[in-house]
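J.:
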Amino acid sequence: RLAQITPGFSGADLANIVNEAALLAVRRDSDAVAMADLEMAIERVVAGLQRKMPLSPEVRRKVAYHEGGHALVAQLLPGTDPIHKVTIIPRGRALGLTMQLPIDEKYTHSKQYLLNNISILYGGWVAEKVIFGEITTGAGNDIERASELARKMVCEWGMSDELGPLAYGKKEEQIFLGREIAQHRDYSEETARKIDEVVKKIILDATEATTTLLEENIEVLKAVADELLDKETITLEDIDRIIEELKKDTAKEAASESKNAPVQE
Ligand code: ZN
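Under the numbering used here, read the sequence shown as residues 243 to 507, first letter to last.
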């Protein structure tokens, strides 16, 4: 289980985690390091320290829907990395966090996997828009990461039919400036415009599909956000349970409706 939740970690990262876990165990007066210590240490190393920061009820609600949006999109789309934990406890610079865990160590990604990841990144933004009709600055980092992914798909990984399997923009390591990497434009103004268009289309298609997905599952989204507001941290099992319960309710409703139908006539 530990190996599964620490893919791509270096030896130094793992040593750091074990140290951190030992400190946590000592702090709770235990003479042994437990799995819970290790899990908390991993979260600390991955996401930063938990912050004691009281959020206003409105902000908490927005964060719950934002994280709920990420989690639900990840859960509903096929072939995505499973959710490990969703939390609205502020950590590092983030007000909330949705952690996914890869099933295996992926060294390459398919186009569909990347498109799904763009949708997951927009899950928070879309949820805020669908529920509150307005958006906050909370999605800034998501938007940045999604835009970067979309641009790489087009300019580095040859994943757009319009621009073909070419690399656009030569990278050059500038030794004098440390390890800064400078992008050199090696294409025309017209190509630049085309790249912008294609990247924008990838993003707009993803946000549109994500909006439809969350609107169709708005009851689940509300239930997930409520559960988050109640428990602060939820897992994949909680989300699965919510989806199952809502399915049962709808089935029951449908059954009682069909029973009542002749009477209502
Ligand atoms: Zn987000």
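Every residue, glycine too, gets a C-beta built ideally from N, C-alpha and C.
(1) So which of 456, 396, 458 and 453 has the shortest CA-CA distance to residue 433?
(2) Pick out whichever of 459, 473 and 294 has its Cα sitting closest to the Cα of residue 318.
(3) Mind checking if residue 254 is an interface residue toward chain D, Cβ cutoff 9 angstroms exclusive?
(4) Out of curiosity, what's the CA-to-CA distance linking residue 398 and residue 437?
(5) Could you name the residues of the same chain whose beta carbon sits closer than 8 angstroms to that of residue 440, not counting the 5 residues immediately before and after it, in chain order?
(6) Would you check whether the ligand ZN has a heavy atom nearer than 8 angstroms to the C-beta of residue 383?
(7) Return the residue from the list 334, 356, 322 and 277 that minimises the CA-CA distance to residue 343.
(8) Leaving out five residues before and five after residue 274 in sequence, what residues of the same chain have Cβ atoms less than 7 angstroms from its Cβ?
(9) Which whole-angstrom value describes the C-beta separation of residue 359 and residue 391, a residue pair presumed to lie in contact below a C-beta threshold of 8 angstroms?
(10) Which residue's Cα is closest to the Cα of residue 294: 331, 376, 377 and 306?
(11) Could you check how far apart the C-beta atoms of residue 476 and residue 469 are, in whole angstroms? I think they sit under 8 angstroms.
(12) Please classify residue 327: does DSSP put it in a helix, a strand, or coil?
(13) Quick check on residue 428: buried or exposed, where buried means 16 or more other Cβ atoms within 10 Å of its Cβ?
(14) Give the DSSP-derived three-state secondary structure of residue 339 in the structure shown.
(15) Give every residue of the same chain whose Cβ lies closer than 8 angstroms to the Cβ of residue 304, excluding the five residues on either side of it in the sequence, and list them in chain order.
(16) Is residue 262 near residue 286, with beta carbons less than 9 angstroms apart?
(17) Taking C-beta to C-beta, are residue 456 and residue 314 nearer than 9 angstroms?
(18) Less than 8 angstroms between the CB of residue 312 and some heavy atom of the ligand ZN, yes or no?
(19) Tell me residue 476's beta-bridge partners as DSSP assigns them.
(20) Please report the distance separating the alpha-carbon of residue 480 from that of residue 410.
(21) Considering only DSSP beta bridges, list what residue 333 is partnered with.
(22) Under 8 angstroms by Cβ, that's how I've got residue 388 and residue 364 pegged, so tell me the actual separation to the nearest angstrom.
T.: So, from the listed chains and residues:
(1) Along the sequence shown, one-based indexing puts residue 433 at 191. For residue 433, the nearest C-alpha among the options comes from 396.
(2) Position 76 of the sequence shown, counting from 1, holds the residue named residue 318. Checking every option, the nearest Cα to that of residue 318 belongs to 459.
(3) Here chain D cannot be found, since the structure has a single protein chain.
(4) Looking up residue 398 in the sequence shown gives position 156. Looking up residue 437 in the sequence shown gives position 195. Roughly 11 angstroms separates the two Cα atoms.
(5) As a working note, residue 440 is residue 198 in the sequence shown. Excluding positions up to five away in sequence, the list reads 396, 402, 404 and 405.
(6) Walking along the sequence shown from the start, residue 383 turns up at place 141. Under cutoff, so the answer is yes.
(7) For the purposes of this step, residue 343 is taken as the residue at position 101 of the sequence shown. Cα-wise, what sits closest to residue 343 is 322.
(8) Here residue 274 refers to the residue found at position 32 when the sequence shown is read from its first residue. Closer than 7 angstroms at Cβ, skipping near neighbours: 267.
(9) Counted from its first residue, the sequence shown places residue 359 at position 117. Counted from its first residue, the sequence shown places residue 391 at position 149. Confirmed, about 6 angstroms.
(10) Walking along the sequence shown from the start, residue 294 turns up at place 52. The shortest Cα separation from residue 294 among 331, 376, 377 and 306 belongs to 331.
(11) The residue given as residue 476 occupies position 234 in the sequence shown. The residue given as residue 469 occupies position 227 in the sequence shown. That pair is a contact at about 5 angstroms.
(12) Sequence index remark: in the sequence shown, residue 327 carries index 85 (1-based). Note: residue 327 maps to strand in three-state DSSP.
(13) Counting from 1 along the sequence shown, the entry for residue 428 is found at position 186. Label assigned to residue 428: exposed.
(14) Within the sequence shown, residue 339 is the residue found at index 97, counting from 1. Strand, per DSSP.
(15) Translated into the one-based positions of the sequence shown, residue 304 becomes position 62. Excluding residues within five positions, the ones whose Cβ falls inside 8 angstroms are 370, 374, 378 and 380.
(16) For the purposes of this step, residue 262 is taken as the residue at position 20 of the sequence shown. For the purposes of this step, residue 286 is taken as the residue at position 44 of the sequence shown. Yes; because the gap between Cβ atoms is below 9 angstroms, this pair is in contact.
(17) The residue labelled residue 456 in the question sits at position 214 within the sequence shown. The residue labelled residue 314 in the question sits at position 72 within the sequence shown. Closer than 9 angstroms, so yes.
(18) Along the sequence shown, one-based indexing puts residue 312 at 70. Checking the Cβ of residue 312 against the ligand ZN gives yes.
(19) Here residue 476 corresponds to residue number 234 of the sequence shown, with the count starting at 1. Per DSSP, 328.
(20) One-based indexing of the sequence shown puts residue 480 at position 238. One-based indexing of the sequence shown puts residue 410 at position 168. About 44 angstroms.
(21) As a first step, residue 333 is located in the sequence shown; it is residue number 91 there, counting from the start. Residue 333 is bridged to 292 and 336.
(22) Position 146 of the sequence shown, counted from the start, is the residue given in the question as residue 388. Position 122 of the sequence shown, counted from the start, is the residue given in the question as residue 364. Correct: roughly 6 angstroms between the Cβ atoms.
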